[in-house]
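There are 2 protein chains.
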Amino acid sequence: MRSEERVLGIVETARGKRPRFRDELVTMAHGAGGKASQTLIEGLLAPAFESAALDELGDAGKVEAEGLGLAVTTDSFVVRPIRFPGGSIGELAVNGTVNDLAVSGARPLALTVSLVLEEGLEADALRAEVEAMAAAASAAGVEVVSGDTKVVERGHCDSMYVCTSGLGRLDPRAALATGSIEPGDRVLVSGPVGAHGTAIMLARDELGLDAEIRSDTRPLWPAVEAMLEAAGPALRCMRDATRGGVASALNELARASGVAVEVGESAVPVLPEVAAAAELLGIDPMYIANEGVLVAFVAPEGAEPALAALRAAPGCEAAAQIGEVRAEPPGMVMVDTAFGGRRVMDLLAGDPLPRIC
Amino acid sequence: MRSEERVLGIVETARGKRPRFRDELVTMAHGAGGKASQTLIEGLLAPAFESAALDELGDAGKVEAEGLGLAVTTDSFVVRPIRFPGGSIGELAVNGTVNDLAVSGARPLALTVSLVLEEGLEADALRAEVEAMAAAASAAGVEVVSGDTKVVERGHCDSMYVCTSGLGRLDPRAALATGSIEPGDRVLVSGPVGAHGTAIMLARDELGLDAEIRSDTRPLWPAVEAMLEAAGPALRCMRDATRGGVASALNELARASGVAVEVGESAVPVLPEVAAAAELLGIDPMYIANEGVLVAFVAPEGAEPALAALRAAPGCEAAAQIGEVRAEPPGMVMVDTAFGGRRVMDLLAGDPLPRIC
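These protein sequence lines map, in sequence, to chains A and B.
Under the numbering used here, think of the first position of the first sequence as 1, with each following residue one higher.
Under the numbering used here, think of the first position of the second sequence as 1001, with each following residue one higher.
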């Protein structure tokens, strides 16, 4: 149906044209995982570092050391408040880094932790986060092997910022590449979407809501390993659906692969209390950050075994197939709404939920 | 001369008793690299993470992946101001991480960069730092393979904080271990001390001085590689003399090895303008941070070749032998002053120069 030539042309439009970074000032939107973040990364950071690994815009960069395939990744965490139902900044930092390695097909081996602490922070609050990090690292089966601590004057940081970096070993079963996504591939999500971001908003008490929503922070390597075992090379690509939610992860992959993604809105798992809070917030749960939810693209023959494997992994019991890859319109995500309509699900332009991780 | 038993007993006092972290609040001193930092690391972080690699308290943690010896390290940079004579936060972040790998005997392979940006930061200031990082990475022969950007509201960060992490390959020629330091070993320093911290203080214009002092920020892998080639296993141990200066690096190593270090004050290279500024500041240059100076402990037979190799490395022309390892008093650093006196050079208790890196 599609002319190869035409597709190539369109792919070039979708992938080849780098956005230019033209903003004069940094805004909250540059940290939100939407359009402004993309412009900053693709228009300034990736070109400056001229890095092939960065160019892939994956969750981790790949490094070969004497024939051994490794992955490295880094993330800063500036979530406010630092403790919230279901987790805290320390647990988030460890799981976030473990998950960036996992969705890149790498078994987490080692972490580093760098803390920026605010002068006057209570030692007990620090102790609690250090213990949360140690517990999360232990639960994920990974060791913290190096660290750093800086202190800044009162007011120049909110309690603490945490930067975790991770080293992983690429799993030989993984043959993941954004470029390998093809029309017909199935799109899976590993659990109910939007819980983390909603939990943070409620913890800030900006809504006056009393719902008990817990963050979904969890390590995803067990889920990834189960899928690798079940689907092998049929597993095309994964993304950790953090900032910007599932919508942003799907948009990034659609754009990077020059394909379209068609999502069935009614197939997307959302906890009822999250759906209710999101409605009050006026935000689509698909745009709300998760900290323990991945999206996976799987070739048709691998979709059922991968989904079954996912559902058997801890915390992924509600995993679902939410859509399918199409050829047209390339680089875009379309949603079939519950009411029979169809609309574009674009990248976010602003930042409705700042500092959720 | 020394009884093995007695030495073991003393070594245990110097090494075995972990300081307890009893402070109720985090203070600037916890980030200064002196006694308070040590208490935080040894009394809280290392025990919580139960990490053998962290326990070594080296500049990088060691990881073995399928027989391959790797090193990983991380550092946050919160220097104020972000640009200063001789460098900037971006260059500092790259060189600092490269140097932590280098002094651990690891050839730098890959870096990650995580930015915490302040809302309202000028894009040109960000662009300048990204370019500084790219240039420093290129000069150090290392690729930036992964990154992250967060934005926090105006006032919750000073322009930007930068966290760099690094992956290195342990050089097979390196057999570095703090425990291998022996009485009789020579202590080398790779260049004039105290320039970086002094440059930062002058850049803050808190002194009203007009001296032109430039930061010593530079990558040290070429110097390390030259020493490994020249001295091989005679090279016992190295430290990057950053926060807390050469004095803190020597104290850490003396304590970790249960030996004494005797330093000849007049042998320590100090630029005259740095000595003058330090005198005005009332700080011993040995306590002032460097960002391109290492200390190395070398067995007697390797000291001359190592020093010659150092002096041939870029930026290390003024390298010098500044002292020798003694058996007594274990865990301590003694200074023979220029006036014929002798005094203890202890770890700093406070933080005379906050946020110099």
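We treat Cβ as the ideally placed atom computed from N, Cα and C, and that holds for glycine.
In this text, all values refer to a predicted model and were calculated from it rather than measured experimentally.
To which residues of the same chain is histidine 358/A closer than 7 Å at the C-beta, ignoring the five residues directly before and after it?
-> This structure gives no information on residue 358/A, because the portion of chain A shown stretches from 1 to 357.
Which residues does DSSP pair with proline 108/A in a beta bridge?
-> Position 108 of the first sequence holds residue 108/A. Note: proline 108/A sits in a beta bridge opposite Gly168/A.
Who does tyrosine 1161/B pair with in a DSSP beta bridge?
-> Walking along the second sequence from the start, residue 1161/B turns up at place 161. Answer is Val1116/B, bridged to tyrosine 1161/B.
Cross-strand partners of methionine 1386/B (DSSP beta bridge) | Since the displayed chain B opens at 1001 and closes at 1357, residue 1386/B lies outside it and no answer follows.
Going along the chain, which residues of the region 158-185 of chain A sit with their C-beta nearer than 7 Å to a C-beta in chain B?
-> Answer in chain order: Asp158, Tyr161, Cys163, Ser165, Leu167, Arg169.
Own chain partners of threonine 217/A with C-beta closer than 7 Å, once the 5 adjacent residues on each side are dropped | Against the first sequence, residue 217/A aligns to sequence position 217. Excluding sequence neighbours, threonine 217/A sits near Gly86, Gly87, Glu91, Leu92, Asn95, His196, Glu291, Gly292.
Using CA coordinates, which residue listed in Glu1225/B, Asp1205/B, Cys1157/B is at the minimum distance from alanine 1306/B?
-> Mapped onto the second sequence, residue 1306/B falls at position 306. When each option's Cα is compared against that of alanine 1306/B, the closest is Glu1225/B.
Serine 1248/B burial status per 10 Å Cβ neighbour count (16 or more: buried) | Indexing the second sequence from 1 puts residue 1248/B at position 248. The residue is buried, with at least 16 neighbouring Cβ atoms inside 10 Å.
Please list, in chain order, all residues of the same chain as arginine 20/A whose beta carbon is under 6 Å from its beta carbon, the five residues on each side excluded.
-> The residue labelled residue 20/A in the question sits at position 20 within the first sequence. So the qualifying residues of the chain are Gly43.
Interface residues of the region 1131-1156 of chain B facing chain A [CB-CB below 8 Å] | Glu1131, Met1133, Ala1134, Ala1137, Glu1143, Val1144, Val1145, Ser1146, Gly1147, Asp1148, Thr1149, Lys1150, Val1151, Val1152, Glu1153, Gly1155, His1156
Compare the beta carbon distance of leucine 1250/B and alanine 1102/B with 8 Å and say whether it is the shorter of the two.
-> On the second sequence, position 250 is the one that residue 1250/B refers to. On the second sequence, position 102 is the one that residue 1102/B refers to. Result no, Cβ atoms of leucine 1250/B and alanine 1102/B do not sit closer than 8 Å.
Counting only runs that start and end within the region 232-282 of chain A, where is the beta strand (DSSP E) found for 3 or more residues in a row?
-> 235-240, 260-264
Report yes or no: do three or more beta-carbon pairs, one from the region 1252-1265 of chain B and one from the region 1172-1184 of chain B, lie closer than 8 Å?
-> Output reads yes: the region 1172-1184 of chain B touches the region 1252-1265 of chain B.
Can you tell me whether DSSP reads threonine 970/B as helix, strand or coil?
-> The question about residue 970/B has no answer, for chain B in this structure spans 1001 to 1357.
Contact check, valine 1116/B vs valine 1152/B under 8 Å by CB: the rounded distance?
-> In the second sequence, residue 1116/B corresponds to position 116, counting from 1. In the second sequence, residue 1152/B corresponds to position 152, counting from 1. Going by Cβ atoms, the distance from valine 1116/B to valine 1152/B rounds to 6 Å, so yes, they are a contact pair.
Grab the span of the alpha helix (DSSP H) containing arginine 1326/B for me, first residue to last.
-> On the second sequence, residue 1326/B is found 326 positions in, with the first residue counted as 1. Element bounds for arginine 1326/B: not the alpha helix (DSSP H) but the beta strand (DSSP E), 1320-1326.
Give the C-beta separation of glycine 166/A and glycine 315/A to the nearest angstrom, bearing in mind that I take them to be a contact with Cβ-Cβ under 8 Å.
-> Taking the first residue of the first sequence as 1, we reach residue 166/A at position 166. Taking the first residue of the first sequence as 1, we reach residue 315/A at position 315. So it is not a contact: roughly 20 Å between Cβ atoms.
Would you verify that the beta carbon of glycine 1120/B is, or is not, closer than 8 Å to some beta carbon of chain A?
-> The sequence position of residue 1120/B within the second sequence is 120, counting from 1. It does; some Cβ of chain A falls within 8 Å.
Between which two residues does the alpha helix (DSSP H) containing arginine 1127/B stretch?
-> Here residue 1127/B is taken as the residue at index 127 of the second sequence, counted from 1. If you look at arginine 1127/B, you'll find it in the alpha helix (DSSP H) that goes 1123-1139.
Any C-beta of chain A sitting closer than 8 Å to the C-beta of leucine 1101/B?
-> For the purposes of this step, residue 1101/B is taken as residue 101 along the second sequence, with counting starting at 1. For leucine 1101/B, the answer is no, since every Cβ of chain A falls outside 8 Å of its Cβ.
How about phenylalanine 1084/B: is its Cβ closer than 7 Å to a heavy atom in the ligand MN?
-> Judged by which ligands are present, the structure shown has none, so any question about the ligand MN falls away.
Under a Cβ-count criterion, where at least 16 other Cβ atoms within 10 Å of its own Cβ denotes burial, should valine 344/A be classed as buried or exposed?
-> The residue labelled residue 344/A in the question sits at position 344 within the first sequence. It counts as exposed.
Cut-off 6 Å between Cβ atoms - residues of its own chain near proline 1081/B, not counting five sequence neighbours on either side | One-based indexing of the second sequence puts residue 1081/B at position 81. Cβ within range, chain order: Ala1203.
Alpha carbon to alpha carbon, how far is arginine 1342/B from glycine 1331/B?
-> By 1-based counting over the second sequence, the position of residue 1342/B is 342. By 1-based counting over the second sequence, the position of residue 1331/B is 331. For arginine 1342/B and glycine 1331/B, the distance between alpha carbons rounds to 16 Å.
Under 8 Å by beta carbon: chain B residues contacting histidine 23/A | Locating residue 23/A in the first sequence gives position 23, counting from the first residue. The residue you asked about is not histidine; residue 23/A is aspartate in the sequence shown. Going along chain B in sequence order, the residues near aspartate 23/A (Cβ under 8 Å) are Ala1123.
Below 8 Å between beta carbons: does that hold for alanine 173/A and glycine 120/A?
-> For the purposes of this step, residue 173/A is taken as residue 173 along the first sequence, with counting starting at 1. For the purposes of this step, residue 120/A is taken as residue 120 along the first sequence, with counting starting at 1. One point to set straight first is that residue 173/A is arginine, not alanine, in the sequence displayed. At a Cβ-Cβ threshold of 8 Å, arginine 173/A and glycine 120/A do not count as neighbours.
Is the CB of alanine 1065/B under 8 Å away from at least one CB in chain A?
-> Residue mapping note: residue 1065/B aligns to position 65 of the second sequence, counting from 1. By this cut-off, alanine 1065/B is an interface position.
Output the boundary residues of the alpha helix (DSSP H) element that contains leucine 202/A.
-> Here residue 202/A refers to the residue found at position 202 when the first sequence is read from its first residue. It spans 195-203 - the alpha helix (DSSP H) in which leucine 202/A sits, taken as one unbroken run.
Consult DSSP for serine 37/A and reduce its assignment to one of helix, strand or coil.
-> In the first sequence, the residue the question calls residue 37/A occupies position 37. Residue state, collapsed to three classes: helix.
On a CA-only basis, which of Glu50/A, Met227/A, Asp171/A is nearest alanine 1065/B? Give me that one, please.
-> On the second sequence, position 65 is the one that residue 1065/B refers to. When each option's Cα is compared against that of alanine 1065/B, the closest is Asp171/A.
Start-to-end residues for the alpha helix (DSSP H) that takes in valine 1103/B | Here residue 1103/B is taken as the residue at index 103 of the second sequence, counted from 1. 1089-1103 is the extent of the alpha helix (DSSP H) around valine 1103/B.
If you drop the 5 nearest sequence neighbours on each side, which residues of the same chain put their C-beta closer than 6 Å to that of aspartate 351/A?
-> For the purposes of this step, residue 351/A is identified with residue 351 of the first sequence, where counting begins at 1. Cβ within range, chain order: Met28, Ala29, Ala32.
What residue from Val335/A, Leu235/A, Val263/A has the CA that sits closest to isoleucine 322/A's CA?
-> Here residue 322/A corresponds to residue number 322 of the first sequence, with the count starting at 1. Checked all of Val335/A, Leu235/A, Val263/A; the closest Cα to isoleucine 322/A is Val263/A.
Look at the Cβ atom of valine 113/A, then the Cβ atom of valine 162/A, and state whether they are nearer than 8 Å.
-> Counting from 1 along the first sequence, the entry for residue 113/A is found at position 113. Counting from 1 along the first sequence, the entry for residue 162/A is found at position 162. Their beta carbons are under 8 Å apart, which means valine 113/A touches valine 162/A by this criterion.
Within 9 Å of chain B by C-beta, residues of the region 70-93 of chain A in sequence order = Leu70, Ala71, Val72, Thr73, Thr74, Asp75, Ser76, Phe77, Val78, Arg80
Going by alpha carbons, who is nearest to aspartate 1158/B out of Asp1075/B, Leu1126/B, Cys1237/B?
-> On the second sequence, position 158 is the one that residue 1158/B refers to. Answer by Cα proximity: Leu1126/B.
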